[in-house]
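The sequence shown runs 160 to 538 under this note's numbering. Heads up, the thing below is written out as structure tokens.
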Amino acid sequence: MYLVQAGSIKTKPMIGGKSNAGPFTINYRKYRLWGTPALSVLLYMVFTLINPMTDFFKEYENYTLTNYFAEIISVVFFAAVSIESGIIVSKILNQYMPWDVSPRRRMIVQLVLQVIIFAIFIVLLLMLANRYYGNFYSFAINLELSSEEYDNLIVRQAVILGIFVSILITTIFTGEYFFNHWVHARLEVVMQKSLVVQAQLEALKTQIDPHFLFNNFSTLTAIIEEDPALAVNYVQMLANVYRYMLANQKEQLASVESEIDFIRAYLFLYTMRYGNALKVEIDICDIYLSKRIPPMSLQLLMENAMKHNELSGAHPLNIVIKATENHLSVKNNLQPKRVKEPGLDMGLKNISERYRLLSAPVPEVSNANGSFEVKIPLL
């Protein structure tokens with residue numbers, strides 16, 4: 160493992176270690192509000208097309224106001240039940256067979272289930288209507304159909320209407336999913352570009368930060384006369400820090416090994432400034448060095464620890480960086496500053512957002528037993 164403290168860097172190999180994966184919200188209210196009247200009109204049009212036109216329209220000559228009202232209510236009721244059953248099927252499948260897992264299989268299963276449900280519902284509805292309101296469907300008798308032929312007609316109409324409604328609702332739900340997926344993908348691209356720009360600006364801000372430059376040049380001035388060799392090493396480390404920042408401004412991921420090399424140079428600058436007030440232990444097995452994390456994540460976490468806490472020789476800030484099978488952990492003892500600096504949470508928010516846009520688990524943050532720890536996933 161690497162051990163960094165009091166302006167020196169000591170390295171020794173570590174022995175041991177072990178080697179070893181969204182949904183969119185659908186506004187169902189609009190389907191209930193607008194879908195029911197629209198489907199009612201559409202169903203009535205389909206129903207007129209699948210029945211003999213002459214006998215079908217002949218029945219309206221004998222209709223009373225009650226007949227018209229009852230027929231409209233029955234069609235609206237059927238449309239409402241169709242919409243609601245489609246919503247229920249969709250909600251159930253969202254839990255057990257989300258669109259993201261297999262859109263094609265989800266669409267087929269939803270279509271088949273809705274065809275079965277709607278067909279059964281239509282058969283029952285037409286049979287009840289024929290049983291209690293046979294005069295509403297006397298056009299079948301006018302065609303001199305037997306009871307068996309009439310039942311077959313009901314089944315055929317049920318299948319046709321069931322398939323039609325099922326295809327219609329499944330198409331709407333499928334279309335909304337793919338539309339939301341497209342919109343979400345576009346937003347992800349925009350957000351990713353925005354985050355990259357923000358990361359570049361943050362990196363540039365760090366590079367030209369007057370305090371950062373002033374502190375490093377002040378430290379360099381202090382040691383240049385006392386230890387020229389150390390001053391040369393200091394300048395080399397400072398150059399390594401800026402070189403890494405420039406090289407990784409546009410990268411989404413960097414290896415743990417490159418991040419550790421960067422942190423070693425970065426910590427060298429700070430340990431020269433703080434001395435025994437800052438102690439950092441890096442304990443990472445070689446098997447994790449090829450894993451990847453967002454570039455400069457460790458630097459942001461180190462800055463977060465140093466900005467939040469007091470550093471002194473009597474009460475040093477102890478930071479431990481460890482790797483496990485799935486995470487890279489940065490842990491420090493808590494000794495909060497009395498006056499908080501502005502923008503302290505920007506580093507953690509930046510890292511969390513970058514992981515989210517990479518469709519990866521977000522970092523885990525814990526604050527307990529006098530310690531603050533952030534675990535970032537290894538990718």
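The C-beta atom is built at its ideal place from N, Cα and C for all residues, glycine as well. Quantities reported herein were computed from a predicted structural model and do not represent experimental measurements.
Residue i versus residue j - alpha carbon distance
i, j, result
"Gln269", "Leu198", "19 Å"
"Asn528", "Ala406", "38 Å"
"Tyr429", "Asn468", "14 Å"
"Ile231", "Val248", "26 Å"
"Thr329", "Arg263", "12 Å"
"Asn492", "Asn477", "6 Å"
"Gly472", "Asn253", "57 Å"
"Ala278", "Glu410", "55 Å"
"Glu523", "Ile281", "52 Å"
"Tyr514", "Pro520", "7 Å"
"Leu397", "Leu470", "22 Å"
Residue from the options whose Cα sits closest to the Cα of residue i
i, options, result
"Thr483", "Asp445, Gly506, Met461 and Val235", "Asp445"
"His474", "Asn485, Leu460 and Leu437", "Leu437"
"Met266", "Arg432, Glu335, Leu320 and Ser471", "Glu335"
"Ile443", "Asp420, Asn435, Leu428 and Tyr425", "Asp420"
"Pro453", "Trp341, Val400, Leu516 and Leu252", "Leu516"
"Met431", "Thr378, Asn463, His343 and Lys409", "Thr378"
"Leu487", "Gln458, Leu470 and Lys496", "Gln458"
"Phe323", "Leu372, Gly245 and Asn509", "Gly245"
"Lys466", "Arg497, Ile281, Ile275 and Leu448", "Arg497"
"Lys481", "Tyr514, Val439 and Leu470", "Val439"
Assumed close pair residue i, residue j - CB separation to whole angstroms, cut-off 8 Å
i, j, result
"Val415", "Lys450", "5 Å"
"Ile242", "Gly194", "5 Å"
"Glu512", "Leu412", "No, Glu512 and Leu412 are not in contact; Cβ-Cβ is about 15 Å, not under 8 Å."
"Ile510", "Met461", "Between Met461 and Ile510 the Cβ distance is about 12 Å, and since that is not below 8 Å, they are no contact."
Contacting residues, own chain, Cβ-Cβ under 7 Å from residue i (five flanking each side not counted)
i, result
"Pro333", "The sequence shown places Thr at residue 333, rather than the Pro named in the question. For Thr333, where only same-chain residues beyond five positions count, the Cβ hits under 7 Å are Met266."
"Asn485", "Pro536 and Leu537"
"Ser518", "none"
Any C-beta of chain D under 8 Å from that of residue i
i, result
"Leu252", "The question asks about chain D, but that chain is absent: this structure has only one protein chain."
Residues of its chain near residue i, where Cβ-Cβ distance is below 8 Å and the 5 sequence neighbours each way are ignored
i, result
"Pro196", "Val235 and Ala238"
"Gly506", "Leu459, Leu460, Glu462 and Asn463"
"Arg191", "Ala239, Ile242, Glu243 and Ile246"
6 Å Cβ shell around residue i - same chain, five flanking residues per side excluded
i, result
"Phe531", "Asn491 and Leu493"
Ranges of the alpha helix (DSSP H) found wholly within the region 432-476, counting only runs of at least 4 = 456-467
Entirely within the region 474-528 and at least 3 residues each: give me those beta strand (DSSP E) ranges in chain order.
-> 476-482, 486-492 and 523-527
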